[in-house]
DNA sequence: CTGCCATGATGCAACGTTGCATTCCACGTA
DNA sequence: TACGTGGAATGCAACGTTGCATCATGGCAG
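Residue numbers (the numbering used here), protein chains in the order written: chain L, 347 to 685; chain E, 347 to 685.
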């Protein structure tokens, strides 16, 4: 148990056998006599041998690392998702390396391209700034899974909820409660990413079905999906005197920001204003009032994503065409809409 | 830009030069004639060459990876911290691999021991279940920085806020508001980790200074620091009819859980109950009412931790004795104590 | 007694990269 | 002409591991 690293060579010298034999003991391969194995094992323990990952990797061509590229770790949604992915990866003996793009297009491009360094055996990426065309332009050198964003041109696997349907359900829920002036919070026309677009589509679909005309004054753009943006958008909406009796926010963080604003202005929730979020983050459950939200099955998202990677990493031969995996979601109704 | 990986060898063949020369172009070292460099660069671009990390690592003895071992990624505090660390590491051209221990002693032990695989050049660990004695027993093979927990026996660097002082300030703040029945939420006697103990110490110190006798009925144990535990502890406290006019929670999550409970029972905050948290998570700012909390300077925590690692990784020769870095904190007073 | 086989142990080579030392060449000077 | 100089390009070796092939040994059948 010394501080320095010992190699197979050192163990071999101590045990009085060849390097190859020590390697056999470590890996369990090859035939090794019982007394030899005991002797070698003792030497291994004494020196506290740990295999050198780099050398093993160089030989085997696999690193046992998978990459996770997300906009940001500090937002609850991605924090929770990353936690689940790291956990699930541990179970498969993978280690996760995380990169944050902060919604920066260049960063996303760089990380998509940089996967040729063979640092990672596979990559899970949640694109934000890049749209389908851009993503398609960056050929992968490594198994790839897209989260959320539709994979363009069958380039790679994709795992996501049905954003259109979920947004439709959320809006329909509000309509069912008698709300007629429902704001949509979270449009991001400056991004090529399609998530906001899809949620907007579900929102208008639901309105139209109910015979309600979409009102541009109720559709609010945000720069990011943070609480501050939700707060600002809600403030602007109320400031402008737009009549509104409900909010469908495209993320829970936006919803919590809007909620904060409503409190500040003395609006009763859900009496004066019903609020629905999206993402099912833990905070939503504990907000005051607890937030009604669309909860994607995060555990299934991570499981399916890792399964896709595993299939392509370990069985590249039997490769099926890229899949579009739709995971279930659920509208959890809480006190912010049904008091 | 083909899907297969090309090596220096391939580039050299295409450019009609030696492997060594290509290596020189890539690394910028050695003398290379301009026309050669142009020719080689063209070949590099055409083949989309990416250096093989494993080979480079094997040669250089460094991986460019640092490990981050935390209890859990999905909790806001660690999510925010991890985000900052990943970001700061990117600036230093390091990549972060994250492991979660979920407060499991075995997992912490395993990860402390497993650092001999030379996967990571350094390790930042936030111990939870393991106490000083245990940590001391696991000699490091790699530069190590402890977050929060005091490093035992000068084993490694440690970065943390002054928990005792911060807890003292938080409690004193409540006392200054005229509160006399201040509950302490978050004791964890089952853990060997000293953080809760230190915050408790600050709490009692402040009480004694004010001439208030600590009351065991006001000191509540929790299993974890999650919102649900705060909620349960607060519920139990009220259920038992213990007189209480303020809560000092050892984490923001606990505080938010307690807040939720207070709302449910119709208590006015801060009128009937003032609440202070610890950690300065983003949620705290947006809670209703906004939560007064001890805010550690997280950016400084990450900066100092990475600086410690960098020093030991790049200048092991000039090694100074393990440092105990105390980073500043601030009590941010918000509406949950001063309405 | 010889030859064959099974078992166990070993040696060689290669993964892709880079530090070090060497070689090659053109040019200028004695 | 011979020699020194310095820039440019190259070859060799090694990082630690493992797949493949080989070798040594001893037991047993012929």
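Beta carbons: idealized from backbone N, C-alpha and C, even for Gly.
Smallest Cα separation from residue i: which of the options?
i, options, result
"residue 470/E", "481/E, 490/E, 453/E", "490/E"
"residue 660/L", "673/L, 368/L, 384/L, 408/L", "408/L"
"residue 467/L", "411/L, 416/L, 423/L", "411/L"
"residue 382/E", "403/E, 396/E, 360/E, 632/E", "360/E"
"residue 363/L", "386/L, 401/L, 351/L", "386/L"
"residue 480/L", "501/L, 493/L, 488/L", "501/L"
"residue 583/L", "475/L, 567/L, 413/L", "567/L"
"residue 685/L", "608/L, 621/L, 561/L, 590/L", "621/L"
"residue 665/L", "518/L, 626/L, 503/L, 592/L", "503/L"
"residue 580/E", "683/E, 667/E, 605/E", "605/E"
"residue 624/L", "558/L, 476/L, 442/L, 593/L", "593/L"
"residue 646/L", "473/L, 672/L, 558/L, 384/L", "672/L"
"residue 508/L", "434/L, 546/L, 531/L", "546/L"
"residue 628/L", "603/E, 475/E, 642/E, 414/E", "603/E"
"residue 396/E", "527/L, 421/L, 633/L, 458/L", "458/L"
"residue 572/L", "365/L, 465/L, 423/L, 356/L", "423/L"
"residue 610/L", "681/E, 638/E, 446/E", "681/E"
"residue 601/E", "357/E, 638/E, 434/E, 380/E", "638/E"
"residue 445/L", "557/E, 634/E, 433/E", "433/E"
"residue 630/E", "649/E, 356/E, 683/E", "683/E"
"residue 588/E", "529/E, 574/E, 569/E", "529/E"
"residue 473/E", "559/E, 577/E, 418/E, 368/E", "418/E"
"residue 562/E", "642/E, 590/E, 404/E, 576/E", "590/E"
"residue 644/E", "442/E, 357/E, 493/E, 564/E", "493/E"
"residue 634/L", "649/E, 536/E, 608/E", "608/E"
In this structure, does DSSP put residue i in helix, strand or coil?
i, result
"residue 347/E", "Confidence at residue 347/E is low in this model, with a pLDDT of 36, below 50, so its placement is unreliable and the value that follows should be read with caution. In this structure, residue 347/E counts as coil in the three-state DSSP scheme."
"residue 624/E", "strand"
"residue 445/L", "strand"
"residue 468/E", "strand"
"residue 616/L", "coil"
"residue 591/E", "coil"
"residue 538/L", "coil"
"residue 409/E", "coil"
"residue 659/L", "helix"
"residue 363/L", "coil"
"residue 532/L", "strand"
"residue 416/L", "strand"
"residue 438/L", "coil"
"residue 609/L", "helix"
"residue 601/E", "helix"
"residue 503/L", "strand"
"residue 517/L", "helix"
"residue 683/L", "coil"
"residue 678/E", "strand"
Along chain L, which residues have their Cβ under 9 Å away from the Cβ of residue i?
i, result
"residue 668/E", "Here the premise fails: no neighbours, minimum Cβ distance about 14 Å."
"residue 573/E", "628, 629, 631, 632"
"residue 564/E", "By Cβ distance, chain L contributes nothing, its closest Cβ being about 23 Å from residue 564/E, past 9 Å."
Along chain L, in chain order, which residues have C-beta atoms closer than 7 Å to that of residue i?
i, result
"residue 444/E", "432, 442, 444"
"residue 401/E", "404"
"residue 606/E", "632, 634"
"residue 490/E", "The premise fails here: residue 490/E is roughly 11 Å from chain L at the closest Cβ pair, so nothing lies under 7 Å."
Quick one: which chain E residues come within Cβ less than 7 Å of residue i?
i, result
"residue 409/L", "400"
Looking at the ligand COA, does it come within less than 7 Å of residue i, judged from the CB to the closest heavy atom?
i, result
"residue 602/E", "In terms of ligand content, the structure shown is empty, and the ligand COA therefore cannot be addressed."
Assess, as a yes-or-no matter, whether the segment 361-378 of chain L is touched by the segment 372-389 of chain E under the definition of 3 or more beta carbon pairs within less than 8 Å.
no
Can you find at least 3 beta carbon pairs, one from the segment 433-444 of chain L and one from the segment 647-667 of chain L, that sit closer than 8 Å?
Result yes; three or more Cβ-Cβ pairs closer than 8 Å.
Mind listing which residues of the segment 620-637 of chain E have their C-beta closer than 9 Å to chain L's C-betas, in chain order?
Those residues of the segment 620-637 of chain E that come within reach of chain L (Cβ to Cβ, closer than 9 Å) are 628, 629, 631, 632, 633, 634, 635, 636.
Closer than 7 Å, Cβ to any Cβ of chain E: which residues of the segment 414-429 of chain L, in chain order?
418, 419, 420, 422, 425, 426, 428, 429
With a threshold of 8 Å, are at least 3 pairs of Cβ atoms found where one atom belongs to the segment 453-460 of chain E and the other to the segment 541-559 of chain E?
Between the segment 453-460 of chain E and the segment 541-559 of chain E there are fewer than three inter-stretch CB-CB distances shorter than 8 Å, so the stretches are not counted as touching.
Below 8 Å, can you find three or more Cβ-Cβ pairs linking the segment 614-623 of chain E to the segment 662-676 of chain E?
no
Stretch-stretch touch, CB-based, cutoff 8 Å, three pairs: the segment 389-405 of chain E with the segment 422-435 of chain L
The segment 389-405 of chain E is not in contact with the segment 422-435 of chain L.
Give me the subset of the segment 589-617 of chain E whose CB atoms are less than 8 Å from a CB atom of chain L, sorted by chain position.
602, 603, 605, 606, 609
Give a yes or no on contact between the segment 510-525 of chain E and the segment 550-564 of chain E, applying the rule of three or more CB pairs nearer than 8 Å.
In short, these stretches touch, since the Cβ pair count reaches three.
Is the segment 591-599 of chain L touching the segment 387-397 of chain E, taking contact as three or more C-beta pairs under 8 Å?
no
Closer than 8 Å between beta carbons: that is the criterion. Which residues of the segment 375-392 of chain L meet it against chain E?
none
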